[in-house]
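In order, the protein sequences belong to chains A and B.
Position 58 (the first sequence) corresponds to 58 in the working numbering; numbering is contiguous.
One rule links them: number in the working numbering = place in the second sequence (from 1) + 1000.
Glycine included, each C-beta is placed from N, C-alpha and C at the ideal position.
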Amino acid sequence: MTSHTATDPRAAAASHAEGWWQRPAALFVFGGITLALVVGSLFIGVYDLGAEGGREMFFITRVPRTLALVLAGSAMAVCGVVLQQLTQNRFVSPTTAGTSEWAALGLLLSVILFPTASLNVRMVLASLTAFAGTMVFMAILQRIQLRTTLIVPIVGIMLGAVVSAITTMIAVSTDYLQLLGTWFMGSFSPVVRGRYEILWVVALVCLAIFLLAHRLTVAGLGPDVATNVGLNYRRVMLLGTAMVAVATGVTTVVVGFLPFLGLIVPNMVSLLRGDDLRSNLPWVCLGGVAIVTSCDIIGRLIRMPFEIPVSMILGVIGAAVFIALVLRLRRTA
Amino acid sequence: MIKLADVAKSYGDVHALGPVDLDLPRGGITALVGPNGAGKSTMLTIIGRLLGADAGTVHVAGMDVTTAKSRQLAKTLAILRQENHFVARLTVRQLVSLGRFPHSQGRLTTECVAAVDRALEFLDLTALQARYLDELSGGQRQRAYVAMVLAQDTEYALLDEPLNNLDMQHAVAMMAQLRRAADELDKTVVLVIHDINFAAAYADRIVAMTNGRIRYVGSPREVMTPDVLSDVFDTPVEVIDHPTHPLAVYYRLS
């Protein structure tokens, strides 16, 4: 028996999953570029490192800031890919599923209820609300009959808007509005030694997601196929959501919102390499680090000696890349 | 064997199935036929534990499908639903490899790789294995889904309309391959099928259903009579005797 379908040679050449992007060398090159950005970030700033006390400053601000970029960047990108697998929708990410907004609500509540609590307590509360909120999102999704590509993120964005309105209302009535503005404007400038170490938690989360990768790939084919091959779909769903909630909660507490990162990085990787999660995860991590680091460097350079928050740069670049991706995805879909 | 006892299912107020009792022996091909809404897919999905029944019990190879360990069941029973739409961009080979998940939890052994190769070969997909699913035609994709089920290498395979989207050549090839799987690999295949003539040509048993009930169970020769078919499908059907199998003719009302 032979296949009778005529193949477009151009499509065949482009479609084979054995292209340049599948080679280990490609990962090496991309890793090198990312490393260069990260090292660059260490040496960009207003303070003259050669001056007296430069060494101390290097370890008090530059190193923590750069590590925070690496951790938060990879965490948000990985969270995006996990949520996209769990919802089987390319347009879901922590900032379009309401996860970040719920984390913000938890953070504000922790400030009001436990004014003297440590960063760790705030982080736990933010993660808990992020988890509860994302589960609400998932529960709503399961009840929706018409799960089209666009309905899913719209539900998430609406849910996020409602939660964020409640957060703002609470902040207004308790005089915390200003704190809200500065805290959630995703920025790495306040990251110094002693204020970022908690971010290492997200490294653990990334590791756990790597171990769970095959299951998440199977879950990405939907509950029926997952059950058919003997996967406990509900458990994977819960575990995945919990990990996203922890990573988002921690990142929100330490640096604030990082819009678009969880959206554009997984989609770019998917376009280039398909959706085999295990082999994609290093790419997703590196992509998140590269983009967030570039944006932070741009934010530091544009108006030196002042800084533009990274979330603003991310918003501008992210929106442009996102529109390009939507157009590209529509063509290939 | 597959054993259903008093199985019933409703969707809200709509009665979909049962109560039905059915015993299917091990081995061979069983075809579920009947008009739209007869409950064929509902019954298949309940046997494949993707849908819970409201009442009754289902046993496959001695295991109660609602209480048995899902991972253990996945090594015994594989099911392919009618509608499959995957958002994930996977290649044919990656998809078929996921069929090995019950055996390897994602870490493919050499045995797994061999099973994947066999399944690809079996469905004539070796040349297409590096292609992404979203770049295939409907029929090629359908073959990839069936290959995934075959790679799972279970004793029982339940397929809901495996001939969906297949052209004549590939439909015949698919049925011949399922026949081979039953004969050579000793699989038990249960399928929902629309084309009654394919059922007559390849199945060992035909189960005819209407309105959520099982009406007739028998060999193709027993079920393929004008009276039975006209009754089941509520439309006049003639049966012509062909040397290898009976042939239903129902295309014109007069």
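Report the rounded CA-to-CA distance for residue i versus residue j, giving the unit in angstroms.
| i | j | result |
| --- | --- | --- |
| R1141 of chain B | S1041 of chain B | 20 Å |
| R215 of chain A | R234 of chain A | 11 Å |
| M243 of chain A | V121 of chain A | 17 Å |
| E1184 of chain B | A1176 of chain B | 12 Å |
| G299 of chain A | F43 of chain A | 14 Å |
| M1174 of chain B | L1163 of chain B | 7 Å |
| H1059 of chain B | G220 of chain A | 29 Å |
| R1179 of chain B | L1136 of chain B | 25 Å |
| L271 of chain A | V1087 of chain B | 12 Å |
| I313 of chain A | C295 of chain A | 6 Å |
| C79 of chain A | T248 of chain A | 8 Å |
| L281 of chain A | R273 of chain A | 11 Å |
| F1122 of chain B | P223 of chain A | 27 Å |
| F137 of chain A | Q84 of chain A | 13 Å |
| G156 of chain A | T174 of chain A | 27 Å |
| E307 of chain A | L301 of chain A | 7 Å |
| V1146 of chain B | Y1132 of chain B | 16 Å |
| I1196 of chain B | D1227 of chain B | 14 Å |
| P266 of chain A | V81 of chain A | 5 Å |
| M1063 of chain B | T251 of chain A | 46 Å |
| P64 of chain A | T217 of chain A | 33 Å |
| T34 of chain A | A290 of chain A | 5 Å |
| L49 of chain A | T61 of chain A | 11 Å |
| I1029 of chain B | D1186 of chain B | 10 Å |
| T1235 of chain B | Y1251 of chain B | 10 Å |
According to DSSP, simplified to helix, strand and coil, what is residue i?
| i | result |
| --- | --- |
| M1063 of chain B | strand |
| I144 of chain A | coil |
| I44 of chain A | coil |
| G287 of chain A | helix |
| M169 of chain A | helix |
| T2 of chain A | Here the model assigns T2 of chain A a pLDDT of 42, short of 50, so the residue's position is not dependable, and the following value carries that caveat. DSSP places T2 of chain A in coil when its eight states are reduced to three. |
| S279 of chain A | helix |
| I154 of chain A | helix |
| G106 of chain A | helix |
| M1209 of chain B | strand |
| G1218 of chain B | strand |
| N1165 of chain B | coil |
| D1241 of chain B | strand |
| D8 of chain A | Because the pLDDT of D8 of chain A is 41, which lies under 50, any placement of that residue in the model is unreliable, and the number read from its coordinates should be weighed accordingly. Three-state result, D8 of chain A: coil. |
| V191 of chain A | coil |
| K1040 of chain B | helix |
| H1015 of chain B | strand |
| V1232 of chain B | helix |
| I1193 of chain B | coil |
| Y1145 of chain B | helix |
| P1246 of chain B | strand |
| V1020 of chain B | strand |
| L221 of chain A | coil |
| V1007 of chain B | strand |
| D1054 of chain B | coil |
If the criterion is Cβ atoms closer than 8 Å, does the pair residue i and residue j meet it?
| i | j | result |
| --- | --- | --- |
| V225 of chain A | L261 of chain A | no |
| A1031 of chain B | A1199 of chain B | yes |
| L1120 of chain B | R1081 of chain B | no |
| G1052 of chain B | A1016 of chain B | no |
| I264 of chain A | V321 of chain A | yes |
| V229 of chain A | G1048 of chain B | no |
| G1320 of chain B | T1210 of chain B | Residue numbering for chain B in the displayed model covers 1001 to 1254; residue 1320 of chain B lies beyond these limits and cannot be assessed. |
| I1240 of chain B | V1223 of chain B | no |
| V1014 of chain B | R1213 of chain B | no |
| F199 of chain A | A72 of chain A | Just to set this straight, residue 199 of chain A is Leu in the shown sequence, not Phe. The answer is yes: Cβ separation under 8 Å. |
| Y196 of chain A | A68 of chain A | yes |
Please look up how many angstroms separate the CB atoms of residue i and residue j, rounded, as I've assumed it's under 8 Å.
| i | j | result |
| --- | --- | --- |
| A245 of chain A | T99 of chain A | 6 Å |
| D275 of chain A | L1090 of chain B | 6 Å |
| L1229 of chain B | V1217 of chain B | So it is not a contact: roughly 14 Å between Cβ atoms. |
| K1257 of chain B | D1023 of chain B | As displayed, chain B neither begins before 1001 nor continues past 1254, which places residue 1257 of chain B out of reach and without an answer. |
| G288 of chain A | A26 of chain A | G288 of chain A to A26 of chain A, Cβ: 17 Å. No contact. |
| P1246 of chain B | P1220 of chain B | 6 Å |
| V1065 of chain B | M1148 of chain B | Contact doesn't hold; Cβ gap of about 20 Å is too wide. |
| N232 of chain A | S1104 of chain B | Between S1104 of chain B and N232 of chain A the Cβ distance is about 16 Å, and since that is not below 8 Å, they are no contact. |
| S187 of chain A | P305 of chain A | Actually they do not touch by this definition, with Cβ atoms about 15 Å apart. |
| C206 of chain A | S93 of chain A | About 16 Å separates the two Cβ atoms, so there is no contact after all. |
| L979 of chain B | D1160 of chain B | Outside the modelled stretch of chain B, which goes from 1001 to 1254, sits residue 979 of chain B, for which no answer is possible. |
| A171 of chain A | T134 of chain A | That pair is no contact at about 22 Å. |
Any 3 or more C-beta pairs closer than 8 Å across the stretch 95-109 of chain A and the stretch 130-140 of chain A = With a cut-off of 8 Å, the stretch 130-140 of chain A and the stretch 95-109 of chain A count as touching, because enough Cβ pairs lie within range.
Touch test, the stretch 1149-1166 of chain B against the stretch 1065-1078 of chain B, Cβ-Cβ under 8 Å, three pairs minimum = Yes: at least three Cβ pairs fall under 8 Å.
Given 8 Å as the limit, is there contact between the stretch 161-180 of chain A and the stretch 24-44 of chain A, that is, 3 or more CB pairs closer than that?
-> No: fewer than three Cβ pairs fall under 8 Å.
Hey, is the stretch 1105-1115 of chain B in contact with the stretch 1188-1208 of chain B, meaning 3+ C-beta pairs nearer than 8 Å?
-> Fewer than three beta-carbon pairs drawn from the stretch 1105-1115 of chain B and the stretch 1188-1208 of chain B are found closer than 8 Å, and the two stretches are therefore not classed as touching.
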